[in-house]
Amino acid sequence: MRGPLRGFWAACGYLRVRVGGERVAVRAGILGTGAYVPEQVLTNFDLERRMNTSDEWIRTRTGIRERRIAREDQAASDLAFPAAEEALRVARIAAADLDGILVATTTPDHVFPSTAALLQRRLGAWNAWAFDMSAACSGFIYGLAVAASFVESGRARYVLVVGAEVLSRITDWEDRTTAVLFGDGAGAAVVGPVAEGGFLSFVLGADGGGADLLVLPAGGSRLPASHRTVEERQHFLKMNGREVFKFAVRIMAEASEEALRRAGLTKDDLDLLVPHQANLRIIDAAQERFQLSPEKVVVNLDRYGNMSAASTPVALHEAYRAGRLSPGNVVLLVAFGGGLTWAATVLLWSVPSPLRTGEFEAALARGKTEP
Ligand code: ACO
C-alpha cells in the first residue's frame, strides 16, 4: 500500500495496538482548555505575619509557597468566566454551540441559582443546559465523565466543564492547620466528539463513611446560618488532615492503576500524570509508585496551593500551554477529595500543541504568561 492510505491504516493499527479502553460508538475527548487565577498573591511569608506558622513548615510539609486570593467582588462565576472563554477559544467552539455547562465547585456564588446558570448568562450560551456538581476536589474529573457520557450517548455534542473555587471564603484564617493549604482559581475544558484519541476510561468512587473527615458544617439544611453558627465558626472548612492524607496516598494509586487497566494500558505508556494538587508529598508518593521522571508529572501547587475542583484543570491547561502535550500523548488525571470522593481518567490528548499553532506566542505577546 502506498501514500496517504498507508499512513491511515498504519495509524489505525497503531491505535488498535496501543489503545484498549471502554467501547463506545462516538469517542469524546477534550477539544480545548482554559484557566484563570486571581492576581493577588498570598505568600507563606504573608501568612507568617498573620498566624503562628512558618514558610519552612508550609514548604516542607506541603510544597506550597504561595496561593492566589480572589478580590472581594469576585465570586466563583467571575473566575469561571475567563477560564471558560479561553477553553472555547482554544477549542474554536462558539458559546452558542454549547449543549451543556457543568460547573464543579464547593464554593458556588449562591446555593441557587447554579454557578453554571450564571456562567451560561455571561457567556451567552443560550442553547446550553446548566447545573453545578458537588464532588469537592474530584469534581472536575466527575464533570468530565458526565460530559463524556452525554457526548458518547449522542445527547449532547459540546459540553463545557469548569472547576471553579473561591476557597478563601470558606477558609478559617484563625486555623493554621487548614488556612495555609488553599487558594482560588478556575480551569475549564470543552468536551466534544474526537476523530482520534479521547477518553479511554473513567474511574469514579465515593466513600460516605469518611464524610466527616472534610466538611463545611453550616450553611446547608443541616445547620442553617444563625448567630450561633457564625459565632462557632461553623461556616469554615474543617479537615482531619492526617486521615485525609492516608486516604489520599492509597486512593491516588488505586484509582490510577484501575483507570490504566480499564484503558488497556500500563504505567509505562504514560506520557503525563496530572494529579490533584493538595500536597507535594502525596504527589511524590504517586510519582514513586509509577516510577515516573519529574517531567512526566505536573506540579503547580507551589504557586497556587490546593484549589479543589480547579486544581486538575488549571494544571492540565498549564501543561498544554507549556507545550508538554501533543496529540496522541497518554494523559492520566487523578483526584481525591471531600465526600470522600475520588476520580481518575485516562485520555489520549487530541489538541495540537500551542507551540505549533502560535497560541502560546500570541499569549506571550499579550503579556499573558500565566493563566
Ligand atoms: N504551621 C506550623 N505548624 C503547624 C501548622 C502550620 N500551618 N499546621 C499544623 N501544625 C503543627 C500541628 O499542630 C502539629 O503539631 P503537634 O505535633 O505539636 O501537635 C504538627 O504541626 C504536625 O501536624 P500534622 O497534622 O501531623 O502535620 P502533617 O504532616 O500531617 O501535615 C497536612 C498536615 C499538611 C494538612 C497533611 O496532613 C495533609 O496534607 N493532609 C491532606 C490534606 C488534603 O489533601 N486535603 C484535601 C482536601 S481538598 C478538598 O476536598 C477541599
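Take the sequence shown: its position 207, counted from the start at 1, is 405 in my numbering, and no numbers get skipped. Quick reminder that beta carbons are idealized off the backbone N, C-alpha and C, glycines included. Remember, it's a predicted structure, so these values are computed and weren't measured experimentally.
Practice item. Measure the C-alpha to C-alpha separation of Leu-317 and Leu-478 and round it to an integer number of angstroms. Key: 32 Å
Review point. Which term fits Pro-492, buried or exposed, when burial requires 16 or more other beta carbons within 10 angstroms of its beta carbon?
Key: When all chains shown are included, Pro-492 counts as exposed.
Check your understanding: For ligand 2, any of its heavy atoms closer than 6 Å to the Cβ of Gly-536?
Key -> Ligand 2 is absent from the structure shown, which contains only ligand 1.
**Study point:** Check: Val-529 C-beta below 6 Å from any heavy atom of ligand 1
**Key:** no
Exercise for review: For Ser-399, write down the residues that DSSP places opposite it in a beta bridge.
Suggested key: Val-544
Review point. Ordered along the chain, which non-local residues of its own chain (more than five positions away) have a Cβ less than 7 Å from that of Leu-402?
Key: Tyr-340, Ala-343 and Ala-541
Check your understanding: Excluding the five sequence neighbours on either side, which residues of its own chain have a C-beta within less than 8 Å of the C-beta of Asn-242, listed in chain order?
Key -> Thr-251, Ser-252, Asp-253, Ile-256, Arg-257, Ile-262, Arg-263, Glu-264 and Val-378
Review point. Are there 16 or more other CB atoms within 10 angstroms of the CB of Gln-489, so buried, or fewer, so exposed?
Key: exposed
Review point. Is the number of C-beta pairs between the segment 436-455 and the segment 399-417 that are closer than 8 Å three or more?
Key: yes
Practice item. Give the DSSP bridge partners of Thr-241, in chain order. Key: Glu-264
Practice item. Count the CB pairs spanning the segment 322-337 and the segment 293-307 that are closer than 8 Å, and state whether there are at least three. Key: Enough Cβ pairs lie closer than 8 Å, so yes.
Point to revise | CA-to-CA distance, Val-392 to Val-224, given in whole angstroms | key: 8 Å
Exercise for review: For my contact list, Gln-157 and Val-495 are in at a C-beta cut-off of 8 Å; report their separation, rounded to the angstrom.
Suggested key: Summary: the structure shown does not reach residue 157, with the chain confined to residues 199 through 569, and so no result is reported for it.
**Study point:** Alpha carbon of Gly-503 to alpha carbon of Val-359, nearest angstrom
**Key:** 21 Å
Review point. Grouping DSSP H, G and I as helix and E and B as strand, with all else coil, what is Asp-295?
Key: helix
Check your understanding: Counting pairs of Cβ atoms below 8 Å between the segment 359-368 and the segment 299-316, do you hit three or more?
Key -> Touching, per the Cβ criterion.
Practice item. With a cut-off of 8 Å on the beta carbons, I'd call Leu-277 and Gly-383 a contact; round off their distance for me. Key: 6 Å
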